[in-house]
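Position one of the sequence shown corresponds to residue 1 (the UniProt record's numbering), numbered consecutively onward.
Backbone N, C-alpha and C fix where the C-beta goes; we use that ideal spot for every residue, glycine too.
For reference, the structure is listed below as structure tokens.
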Amino acid sequence: MLKLYNKKVNYEKSGTGTQVVILLHGWGQSTEAFARVADHLKSHFTVYNLDLPGFGNSEEPEEIWDTTDYSNFLKTFITKLNIENPILIGHSFGGRISIKYGAKYNNLKKLILVNSAGIVPKRTISYYYKVYRYKCIKNVLKFLRLKGLLNKLQKNAGSSDYRNSSPKMRQVMNQVIHEDLRNEMPNIEVPTLLVWGTDDQITPLSDAKIMERKIKDSGIATIKGTGHFSYLENLPLFLTIVDYFLKENR
Numbered sequence: 001m002l003k004l005y006n007k008k009v010n011y012e013k014s015g016t017g018t019q020v021v022i023l024l025h026g027w028g029q030s031t032e033a034f035a036r037v038a039d040h041l042k043s044h045f046t047v048y049n050l051d052l053p054g055f056g057n058s059e060e061p062e063e064i065w066d067t068t069d070y071s072n073f074l075k076t077f078i079t080k081l082n083i084e085n086p087i088l089i090g091h092s093f094g095g096r097i098s099i100k101y102g103a104k105y106n107n108l109k110k111l112i113l114v115n116s117a118g119i120v121p122k123r124t125i126s127y128y129y130k131v132y133r134y135k136c137i138k139n140v141l142k143f144l145r146l147k148g149l150l151n152k153l154q155k156n157a158g159s160s161d162y163r164n165s166s167p168k169m170r171q172v173m174n175q176v177i178h179e180d181l182r183n184e185m186p187n188i189e190v191p192t193l194l195v196w197g198t199d200d201q202i203t204p205l206s207d208a209k210i211m212e213r214k215i216k217d218s219g220i221a222t223i224k225g226t227g228h229f230s231y232l233e234n235l236p237l238f239l240t241i242v243d244y245f246l247k248e249n250r
């Protein structure tokens, strides 16, 4: 545990290897999400497994952060602990932060993006109709001061990640999910591995193919029959893929 930006940040350090690996979990997760990955990697690397601000045992940020703020936080964390040229492994939201960081700071050794967020999908007319309808109903209920119905409407709205987040982290989520990082990706200079579940419905395999085209030195490794948490659904295969990609960095 350390303090950054006057807030407590929880992390777990393991291993004694000269090469550092930093693990960044997805939205709504914590160090537990990458615990088994950390346990495997600690044999050859020094591993930092973070609770990102607003998750796990780390305090929420003071302001409403976007992806840039999270990448700046990561830079501060790396500088504070005197870490040089780390390898980042980021899942989903953690991957989004990793993309932003890798594009902005040229101090990584390698990058592994696991079912990463960062591509904003094209929305259909029906999607915008649902959003408009929801906002209209919410505004009417607010005007009529029907607090009970308003709370019920908001409780059932959005994804489970959104519903399970605090009011402040919901605002953070609204910031980050609308950030399309395609234009950032060509600025990533380090070897990048994209690990993807073929059945991912949240960040589909088509997103990985876009990233592969945008990131210069990158390639995709698919895990057949897995979804958004491919690395947990087939952990042995995921670890084999990671070991092969990082074998020269041990």
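Using a C-beta cut-off of 8 Å, the stretch 75–85 makes no contact with the stretch 162–175, since fewer than three inter-stretch Cβ pairs fall below that distance. No Cβ-Cβ contact shorter than 7 Å links Met-173 with Ile-215. The continuous alpha helix (DSSP H) containing Ile-97 extends over residues 93–104.
Here His-228 is not near Ile-210, since their CB atoms are 7 Å or more apart. When DSSP reads this structure, Glu-12 sits in a beta bridge with Asn-49. Distances from the CA of Asn-183 to each of Thr-198, Lys-224, Gly-118, Leu-193 were compared; the closest alpha carbon is that of Gly-118. For Leu-108, same chain residues with a beta-carbon under 8 Å away, outside a window of 5 residues either side, are Asn-85, Pro-86, Ile-87, Leu-88, Tyr-101, Gly-102, Val-190 in chain order.
Assigned with DSSP and collapsed to three states, Ile-210 falls in helix. Of all alpha-carbon atoms in Leu-23, Leu-194, Ile-223, the one lying nearest the alpha-carbon of Leu-50 is that of Leu-23. Ranked by how close their Cα comes to the Cα of Asn-57, the residues Thr-67, Tyr-11, Ile-83, Lys-42 have Tyr-11 in first place. Taking every protein chain shown into account, the CB of Lys-224 has fewer than 16 other CB atoms within 10 angstroms, so this residue is exposed. DSSP places Ala-33 within a helical segment (H, G or I) once states are collapsed to three. Between the alpha carbons of Val-9 and Ile-188 lies a gap of roughly 27 Å.
The Cβ atoms of Ala-221 and Val-195 lie closer than 7 Å to each other.
Secondary structure note for Thr-240: it is in no beta strand (DSSP E), and the uninterrupted alpha helix (DSSP H) holding it is 235–245.
Contact between Tyr-231 and Phe-238 holds, with the beta-carbon distance rounding to 4 Å and staying under 8 Å. Apart from sequence neighbours up to five positions away, the residues of its chain that approach Asp-199 with a beta-carbon distance below 7 Å are Gly-225, Thr-226, Gly-227, ordered along the chain. Per DSSP, the unbroken alpha helix (DSSP H) holding Ser-71 starts and ends at 67–80. Taking Phe-34 as reference, the option from Gly-94, Lys-104, Gly-197 with the minimal CA-CA separation is Gly-94. For Val-120, no beta strand (DSSP E) encloses it, and the DSSP letter there is neither H nor E. Looking at the backbone, the Cα of Gly-26 and that of Ser-92 are separated by about 5 Å. Judged by DSSP in its simplified three-state form, Val-172 adopts helix.
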